[in-house]
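Each residue of the sequence shown is one higher than the one before, counting from 8 in our numbering. Positions of the beta carbon are idealized from the N, C-alpha and C atoms, including for glycine.
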Amino acid sequence: MTDKNIRAGEATVADAPADDARLTFIGLIRTPWTDRRDCPRQGSEDGPECTLVVDEAWHPALAGLEAYATIEVLYWLDRSRRDLLTQSPRADGTTFGTFALRSPVRPNPIGTSIVHLDRIEHGTLTVRGLDCLDGTPLLDIKPDRALFIPKALPKPGV
Ligand code: SAM
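Listed below in structure tokens is the structure:
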């Protein structure tokens, strides 16, 4: 059972999904790449500007994010196959288990990148460092864990 209480200053979205283990897309990602062959294997901070277009219902959830120069982006690699247990990425006979790779081909094709956050305007985040195709569904955004320091650590026993 989930806690329905909210604290002062918090807000909820009307259509939050209730089913366990279902994902909700919070927007989509705009990048210059429409073909996998052009898309980098991993993003880099000197890559091109890309945008995270967050659905309007989730705009309040962005409050405070502008304080972070780097953020973590999670996305759904929607054009991936999902059935490979082992993969030979270099086509040279070297085979790895799917979970030993960062390949987009996996049972739940979640991609993650740490990106540089340039600006946020009307719910659209301009970032550098992505590696996904144009139109990739956006799953989540978090402050970079290396920079995220809780204001107060929990007291022992609390
Ligand atoms: N940085 C993420 C990670 O490590 O979790 C993703 C890495 S994955 C190797 C990036 C590759 O996934 C791209 O080079 C491209 O071939 C592929 N890709 C990008 N967007 C995709 C999408 N929407 N669906 C399927 N494959 C995608």
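Excluding its 5 nearest sequence neighbours in each direction, GLY130 has C-beta neighbours in its own chain below 6 angstroms: VAL61, HIS66, listed in chain order.
In the DSSP assignment, ASP125 falls within the unbroken beta strand (DSSP E) covering 117-128. SER120 counts as buried, since at least 16 other C-beta atoms from the protein chains shown sit within 10 angstroms of its C-beta.
Annotation: ASP99 to LEU108 spans about 16 angstroms, alpha carbon to alpha carbon. With contact defined as three or more Cβ pairs closer than 8 angstroms, the region 84-97 and the region 137-149 are in contact.
Closest in C-alpha terms to ALA28, from the list VAL122, ILE148, ASN115, ARG44, comes ASN115.
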